[in-house]
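Below: one structure, written as structure tokens.
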Amino acid sequence: MMPGLSFILSPERGKFALKNKRMKGLTELIVAGCILFGLLLTPLVFSILDFISGVRKARQRGERITSDRYRRSVKKVAGYYNLLFALVVVDCMHMGCSWFLNSYYDYHIPTFPFVTLAGAFFVAAIEIKSIREKAEDKVKKELTDVALLAVEIAKYKDTPAEAAKAIADYFNGTSKKE
Numbered sequence: 076m077m078p079g080l081s082f083i084l085s086p087e088r089g090k091f092a093l094k095n096k097r098m099k100g101l102t103e104l105i106v107a108g109c110i111l112f113g114l115l116l117t118p119l120v121f122s123i124l125d126f127i128s129g130v131r132k133a134r135q136r137g138e139r140i141t142s143d144r145y146r147r148s149v150k151k152v153a154g155y156y157n158l159l160f161a162l163v164v165v166d167c168m169h170m171g172c173s174w175f176l177n178s179y180y181d182y183h184i185p186t187f188p189f190v191t192l193a194g195a196f197f198v199a200a201i202e203i204k205s206i207r208e209k210a211e212d213k214v215k216k217e218l219t220d221v222a223l224l225a226v227e228i229a230k231y232k233d234t235p236a237e238a239a240k241a242i243a244d245y246f247n248g249t250s251k252k253e
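Read in order, the letters of the sequence shown correspond to residues 76 to 253 in my numbering.
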């Protein structure tokens with residue numbers, strides 16, 4: 076046995092051993108916090124990669140990059156982190172309870188942020204799919220959207236007011252896509 080661990084495992088040093096066991100539990104919490112921090116960085120890294128990929132694809136298609144697109148990217152990342160911070164709260168409750176049970180009742184539950192890990196995987200999968208989309212596929216989707224708009228306009232070709240309303244509804248996202 077290692078000389079440094081004998082005092083922790085020694086039964087005659089009960090109170091001191093319990094204190095060191097609590098410190099071990101605190102060390103587990105610190106490690107879990109570091110893992111949590113790493114998990115929270117993962118979506119940011121993937122979002123940055125997706126942003127770079129999107130800029131590259133836009134340049135490839137000859138599109139101008141506007142501040143609206145930047146704002147949309149920031150809004151997307153903010154939405155991801157709203158979800159992830161809610162999951163972090165759940166994991167913090169879990170890790171605090173598992174630390175307490177382990178420290179005071181010798182009941183061991185793994186101190187790991189499982190829920191945040193699942194959320195980070197979910198966000199990473201979305202971003203990877205977005206990165207892998209080809210620029211040509213985005214152009215095809217945009218052409219399909221233009222065709223749907225043309226169909227909406229054609230329905231109301233006799234009444235300009237209705238056509239204008241259909242166009243406004245389409246751009247506001249309230250039209251029925253067939």
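Idealized CB from N, CA, C, for every residue including glycine.
CB-CB length for residue i against residue j, believed under 8 angstroms
i      : j      : result
Phe126 : Ser148 : 5 angstroms
Leu223 : Val163 : That belief does not hold up - the Cβ atoms of Leu223 and Val163 are roughly 40 angstroms apart, past 8 angstroms.
Leu104 : Thr186 : 6 angstroms
Leu124 : Glu202 : 7 angstroms
Ile206 : Ser128 : 5 angstroms
Same chain only: Cβ atoms within 6 angstroms of residue i, ignoring 5 sequence neighbours per side
i      : result
Ser85  : Summary for Ser85: the model assigns pLDDT 47, below 50, so the residue's position carries little reliability; its value from the coordinates is reported in the next sentence. The answer is none, since no qualifying residue turns up.
Val190 : Leu162, Val165, Asp166
Tyr155 : Pro118, Val198
Extent of the continuous alpha helix (DSSP H) to which residue i belongs
i      : result
Lys150 : 142–180
Asp233 : Where Asp233 is concerned, there is no enclosing alpha helix (DSSP H), given that its DSSP letter is neither H nor E.
Simplified DSSP state of residue i, which is helix, strand or coil
i      : result
Glu227 : helix
Thr186 : coil
Gly137 : coil
Glu202 : helix
Phe82  : A caution first: Phe82 carries a pLDDT of 46, below 50, which makes its placement in the model unreliable, though a value can still be read off. Correct three-state label for Phe82: helix.
Glu208 : coil
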